[in-house]
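Engineer: Encoded as structure tokens, here's the structure I'll be asking about.
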């Protein structure tokens, strides 16, 4: 697939100029800049941080290695970090998620395609795994910056991570340097892991302490996702975490907004772009009633579908029932379903048997997690099943039953594959948390142990606060007497830590 | 713009073969056939009519001239008419609305691009007005069919019309033949009218009675839209209607479904494809609370927007209030609006002053009617206003105030321009009414005067009935006692004519 | 039951004073006046008509015989008619529906319980059928008023009717007078019909032309309900209607508001007062998806129930599906239902078999029509069934299955029996139509034939208009150009007659 | 007010019989038993616990002193505790909240009013404060039970508390015994505190160690509410807590269900019973968007009101906006509001100035907290304000502005005062937590320190699980592979502790 999506990669890497980058096509920069301008209007949190901190530049001196989907929204994040004084190098955290025009706009910056003056980005849509890890490695090579500054450093002093790949590379690199060797791949190791080992083996051949130096220079990492956070907690538990970490994922303004309201928007968007099938009147089944499932169910009901929900957790199941949804197993109603949505974060939620039991041309969509939420492997090896491409990311699977199902995005996240992911406004919340976490860790990294922290509730509330004006929300202010009565400061924070919102 | 959208037009018109057509590219037929198969699954009304009437072929002998958007859904309609025994020739009723792959699939039929074996279609996306009217004229030339059948007829015996262009051409052609001359265009006549006059002038030069014969052969027309119906009522009122007409537009299963549920689907779809702006939390203003406005408001609320409505009719205004919406004038809240939607069917609903008063980068969308719902002419002539194309059908208008607005589809219907129009399931309702109307008029045309009729309620109910199974709906049956108690037949119709649903 | 609800009836009928009335207890007047004041605030339509016509008194000279539930809302109607110049005599149209404090307040008027100075009312909660028809007869005896005015008339010159009892009495009285005799009751005649015959037989014994004179003096009747309207159309069809009639029921501001929005309010209200059962999370089944069913389903969904709908009309069934409800037969899901609501207007919708199939302690509620929507007669004669009163209007029926069901209001309209009927704001719409119809018929009765008319759309729109301010609705005004463009007057009416809203 | 609500108190206290009680009227027992039977059907959690533990009787030997609103739902709780083997004595925790028929039914038990055989209850609607604390004291006097058992104990070994009054009495009694004296009331002490001091002074005069013994016998307390929990955390923090405590309030199945879904039900119920004002079309303002506010807003929107929300916490404010509500200050829209609801838990949320600014006859309702959410004291002392009782719990306050407002339940919780509080199904969740907490603490009290605990998540999930069948919910079961994949046991618990639901 890398080949298929490949455009001419436009690069300036290894050239005499000190400005390195590798993106698809700098000619896309103008189109990308249009998108950025529109996105800025939808990302009031980031723009407010630029206004608040643009003069004081709390990130002056920060060298941030960023590994996060190189989209339009991330572009606004990058330029916010720069506006706050940081130097930045960036790669994407997924081989397909780069929006090439956004990458181009960031590289060009306030220059031109001929004389780019922006930020070094190493990302394009449709990288191979080899390319992906080469790009990730590039965000840790700050020799050009060191040379330009006449300073003596190897890499970044901060990481901004999504999924933990960048953090993992540093930790594994250091580990193998300490061991003096990169192990051979074991039988059964994934292709991707072999690629990582190759990168680190090549590095070790050149330097015995590159990653050790990199690790020692880093003050901290701020992590975006559940998966990355999970890795961090494991490292911290095992005493192996090399720097402090802030868990951005569990800020209320991240997890309760991104998941619920983001999916509410992007699920019907993806369904519509993929199939043009009327949602109204249809039977839609949503696997899982966590935040993602709640957003999915609300969106489908809002379009007039009859929504049925499945759950394994009795508390979430009871919530679904109290919200008016039928709650049952997928097996019990499999033959009635027109639109089947999985949003659980588990695997094999939709099995081949389920697919065989669906109505003819039922639509199957994953908004939860990896493609293994749906047993795509089982489907691909099913005797007599045939895959017909209707259009990119939309495939009719003709089944031995004589019926077909429509599988979106090959079982991967369809809100990314068939739509454009979370809208800017939602990402502004997530990314404002990222910026505040970067500021905090960069300024006070020495106050933090090598543990995983969440942002204090007051900053979480601040992120929310930065998004109110854009929606015309007027906040009520507590009087001193009222604040005293409920035992909180007038300016917040307002809730105990276990408050559930 | 004709040029811009033009692909190689692939034609077989005027060639020795008796099979004429003119479409963009027959190589698109396979892609089109994929779309048709999916659409058939979403158009149970048409497929049920094929099942019910496929053997008896009530349209055997019918020669239908069709003028209606040449889309995937229309393709399913055309093949349904053919399955019921009709011969068909088809043109689109809009220069932009043809989906070229659907047109190709219809022409190819069960043949191949090299040996097409389908239906004569004369339509492609991006016709010039001259091409458009030439195509329309082609659907009235049945000489090839007459010759093949060894029969003596000039044109069709039925029209299936959308907007009334086909019907108008016949009436004007006959009128000018009776007058013996086509009048010169008057000062101020539109370009399109001059094109029509040209077509008819050329015809008159060849034959003094072609359209008179055509008119006399036609048993009736079935008309899809409000605008076309309006023209028909005027012709009937003036005693000039040359054949019977059925007003399909005012079937309940057309007007109450197409408008409300169609827009509920396609408005957010269009907004999302155009802008990727989060709808949740935004202030959305909907001008008009008729069926279109009701669908628009429901869709926006279903996505978490705060919806404000304007109305001129106090009954509709009271409905909006009782449905929980704020109802006020556009002027009163113009500065608070993020998304401005017009769905009224009137002109100048959104004025230049309104546009100047909107928030920066507010989105402006028309789902009502012609582009004059928004004063686009006024905007285009506004001193200091600048138009920047973000992408096709999405333009930023930079205003002298320093703010911008995003205008979708250049002020035209954005559910067609930015999305793909009404989904198949909705169109299956409309088109099942069309098929039943064609069957009725073709079988019993002699029983009808040269007036405009609506379908009897029993057929309206039948259309609904044909769409229930697909949604898993089980209908309850009246007992004889119950039917007698409320004074209706067990099998319907169930309501008095003025029942409002 | 008459006995049970009876309070001391406080009367001044047949006494020397010219002020006649018969109500439960004038001491309730103050409590009633409180309720009236609150209701006036919720009935802006009526209050606006007082303001508009209070000086010109278009009903001066009108003598109105009113037969309509003697509730708080009707009290505001009565005082509006009086404010517009009318003389009024009033009875209820249902033996149970009188609110005694409202009746008392109307009788007392601006006087005191000792010296009442209001309007003659003949109504109390819990009348026997004999009392009911005696009260109805009283509203046609205007001898006191004639005597006071020194005028020569027998009865009213207008009727305001609900259900048609008052109109029927006049027509039957005249018919028997013409025949010279009141027929004997036939085998199988209902008790109520025998009571009516008795009243008319007694009248005929006293006067041979009383009802003939009454009929000749009446200019017209305005009728509130479907049932009454149905009787009027039959009389008109048979050429027997003795005066003009206005069908108030089919004004949009009556039927589309009263039915839908009234039930949306009063169904959950009645359920809650009757049972205190949590609606959220429950399976609620609504029989019928007309306006009543639409309101019921919306209310139940709004409380978090899962709503299933049944329909016999495929169009309404399709609407229900498109609105996101499961649509199936009652039989198909009878064992899953917690709350069973009937709103059809038909009989035997809920059979004994259905009741036997319900879950233990399922709630059964009728908001449609007479108590025969539920087969109460069948239930009452079911062997082994036992009725236990939980509280008034709430009965547990213990069934031979060992399960019980909770039947509300003995199968009668539970929004009246368990709640307080339609709220004032809804009734203000209905009653404003009544007042406008009275004004129209009284002023222009001679222009009307002995037929049934609906109010012109402009008056329907006016009724809506009168209710907008109270809800803070600001209406948009058409420009002259816009009105011309769509072919309507600036001030309305705005829609064609068959527009469905 | 104690006088006003007082019925004949029917008691057997201090009589020779060992069965003590004090309730309003045992003749109400049959009516109460009807209510209990209906409630049992709505409390599947409690009934399931009876089925699960009825044989093993894990509470055998437990002596529970209960202080919690003596309602129908509590009656089902009490009989559940008894079914599990416990002995119980009960008082209400509020002078007004007892439902006398429920209290009577519990006392009568399976006996008769003449020979009651149930549980000792000391509660009636409308107690004075003196009576209230005397009743509370009675639940700690287990001399009759000790005597009957021939055992040597003073009081209970468990407390089930709501608000903490029972727990406070024990702690204060012990404290004063240790000090050897009960202090005099200080200037400014409330009347209620003086009553408490009086009770303890009388006790100390009789025994120097009664409460010390009581405290030492108690293994633990389970506490229902936020307020009571707050007191417990303070005692634990100060090292003064005398036994272990389980915080039932913060179980998810308590706080997220009771608050949100309970209010969603009871707010419109209370509004309707109080005023009969149509909610549809009205402007409703909800102060606070916590769980209570969320439920209130959803209920009002579900009835067709336009809902505006105020918030002090920016996160909750952003949630409200994303859910489609206008969010602003009360001051900004005070003149537009028809229905004003406060659900914050703070004081002076609605000030006298707000009341003066409301529309005429706007409805003011508190569902949050104490009556000081509304400045009732300020209103009562406002010069020129007049209070008119429309009916009990509904008062028109005529204001110096010439306008009036309708204040429900004198500013106290209107869902209790005007409706009947939370429905049984919601309380079944809360009370199943109580029962599980009692079982846990009674069985394993020695494993707990004198701290405050929450129930383990698995028990929280169990409570939810017990309520699924009644709603027809079918739960999905994880496979072993799936459970392993996400790192949870197949049978739960399924979520990390900070999961927000």
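Chains as they are written, first to last, in the numbering used here: chain H, 1 to 501; chain W, 502 to 1002; chain C, 1003 to 1503; chain Z, 1504 to 2004.
Glycine residues also receive a C-beta, built at the ideal position from the N, C-alpha and C atoms.
With a threshold of 8 Å between beta carbons, is residue 807(W) in contact with chain Z?
Structural biologist: Chain Z contact via Cβ: present.
Engineer: Between which two residues does the alpha helix (DSSP H) holding residue 1187(C) run?
Structural biologist: Counting along the chain, residue 1187(C) falls outside any alpha helix (DSSP H), and DSSP gives it neither H nor E.
Engineer: Just the chain Z side, please: which residues come within less than 7 Å of residue 314(H) by C-beta, in chain order?
Structural biologist: 1964, 1967, 1968, 1971, 1978, listed in chain order.
Engineer: For the 8 Å Cβ check, are there 3 or more pairs between the segment 1059-1072 of chain C and the segment 1159-1172 of chain C?
Structural biologist: The answer is yes - the segment 1159-1172 of chain C touches the segment 1059-1072 of chain C, with three or more Cβ pairs under 8 Å.
Engineer: Where do the N-terminal and C-terminal ends of the beta strand (DSSP E) with residue 1289(C) fall, by residue?
Structural biologist: Its beta strand (DSSP E) spans residues 1285-1289.
Engineer: Give every residue of the same chain whose Cβ lies closer than 7 Å to the Cβ of residue 194(H), excluding the five residues on either side of it in the sequence, and list them in chain order.
Structural biologist: Counting only Cβ-Cβ distances below 7 Å, and skipping sequence neighbours, we find 185.
Engineer: Return the residue from the list 87(H), 448(H), 338(H) that minimises the CA-CA distance to residue 285(H).
Structural biologist: The candidate whose alpha carbon is nearest that of residue 285(H) is 338(H).
Engineer: Flag this pair as touching only if the segment 1530-1539 of chain Z and the segment 1601-1615 of chain Z have three or more C-beta atom pairs under 8 Å; answer yes or no.
Structural biologist: The segment 1530-1539 of chain Z, when compared against the segment 1601-1615 of chain Z, does touch it at the 8 Å Cβ threshold.
Engineer: Identify, in the order they occur along the chain, each residue of the same chain with its Cβ nearer than 7 Å to the Cβ of residue 492(H), setting aside the five sequence neighbours on each side.
Structural biologist: Taken in chain order, the residues that qualify are 458, 461.
Engineer: Between the Cα of residue 776(W) and the Cα atoms of 910(W), 576(W), 621(W), which residue gives the shortest distance?
Structural biologist: Selected option, being the one with the closest Cα: 910(W).
Engineer: Classify residue 395(H) as buried or exposed, calling it buried when 16 or more other Cβ atoms lie within 10 Å of its own Cβ.
Structural biologist: Label assigned to residue 395(H): buried.
Engineer: Should residue 1740(Z) go down as buried or exposed, given a rule of 16 or more other Cβ atoms within 10 Å for buried?
Structural biologist: Label assigned to residue 1740(Z): exposed.
Engineer: Rounded to whole angstroms, what is the Cα-Cα separation between residue 50(H) and residue 164(H)?
Structural biologist: Their Cα atoms are separated by approximately 26 Å.
Engineer: Report yes or no: is there a C-beta of chain H within less than 8 Å of the C-beta of residue 1719(Z)?
Structural biologist: Answer no: the Cβ-Cβ gap between residue 1719(Z) and chain H never drops below 8 Å.
Engineer: Does chain H have any CB closer than 8 Å to the CB of residue 1325(C)?
Structural biologist: It does; some Cβ of chain H falls within 8 Å.
Engineer: Going along the chain, which unbroken runs of the alpha helix (DSSP H) with 4 or more residues stay wholly within the segment 878-948 of chain W?
Structural biologist: The qualifying runs are 915-918, 925-945.
Engineer: Is residue 1325(C) buried or exposed, if buried means 16 or more other CB atoms sit within 10 Å of its CB?
Structural biologist: Classification of residue 1325(C): buried, given that the 10 Å Cβ count is 16 or more.
Engineer: Going by DSSP in three states, residue 450(H) sits in which element: helix, strand or coil?
Structural biologist: Note: residue 450(H) maps to coil in three-state DSSP.
Engineer: Please classify residue 381(H) as buried or exposed, where buried requires at least 16 other C-beta atoms within 10 Å of its C-beta.
Structural biologist: With fewer than 16 other Cβ atoms within 10 Å, it is exposed.
Engineer: Going along chain C, which residues have a C-beta under 7 Å from residue 281(H)?
Structural biologist: The answer, in chain order, is 1323, 1324.
Engineer: In its own chain, which residues sit with a C-beta less than 6 Å from the C-beta of residue 1224(C), not counting the 5 before and 5 after it?
Structural biologist: Only 1162, 1248, 1250, 1436, 1439, 1440 meet the Cβ criterion.
Engineer: Specify, as a first and last residue, the run of the alpha helix (DSSP H) that residue 817(W) falls within.
Structural biologist: First-last of the alpha helix (DSSP H) with residue 817(W): 815-823.
Engineer: Name, please, each residue of chain H whose Cβ falls closer than 8 Å to the Cβ of residue 1989(Z).
Structural biologist: Within 8 Å Cβ-Cβ: 345, 346.
Engineer: Assuming residue 537(W) and residue 576(W) form a contact by the criterion Cβ under 8 Å, report the distance between their Cβ atoms to the nearest whole angstrom.
Structural biologist: With 8 Å as the limit, residue 537(W) and residue 576(W) qualify as a contact, their Cβ atoms being about 5 Å apart.
Engineer: Looking at the unbroken beta strand (DSSP E) that takes in residue 290(H), where does it start and where does it end?
Structural biologist: Where residue 290(H) is concerned, there is no enclosing beta strand (DSSP E), given that its DSSP letter is neither H nor E.
Engineer: Nearest chain W C-beta to residue 1767(Z) closer than 8 Å, yes or no?
Structural biologist: Cβ-Cβ to chain W under 8 Å: no for residue 1767(Z).
Engineer: Would you tell me roughly how many angstroms separate the C-alpha atoms of residue 1708(Z) and residue 1594(Z), rounded to the nearest one?
Structural biologist: Going from the Cα of residue 1708(Z) to the Cα of residue 1594(Z) covers about 24 Å.
Engineer: Quick one: list the residues of chain Z neighbouring residue 1422(C), beta-carbon separation under 7 Å, in chain order.
Structural biologist: Per Cβ cutoff of 7 Å: 1779.
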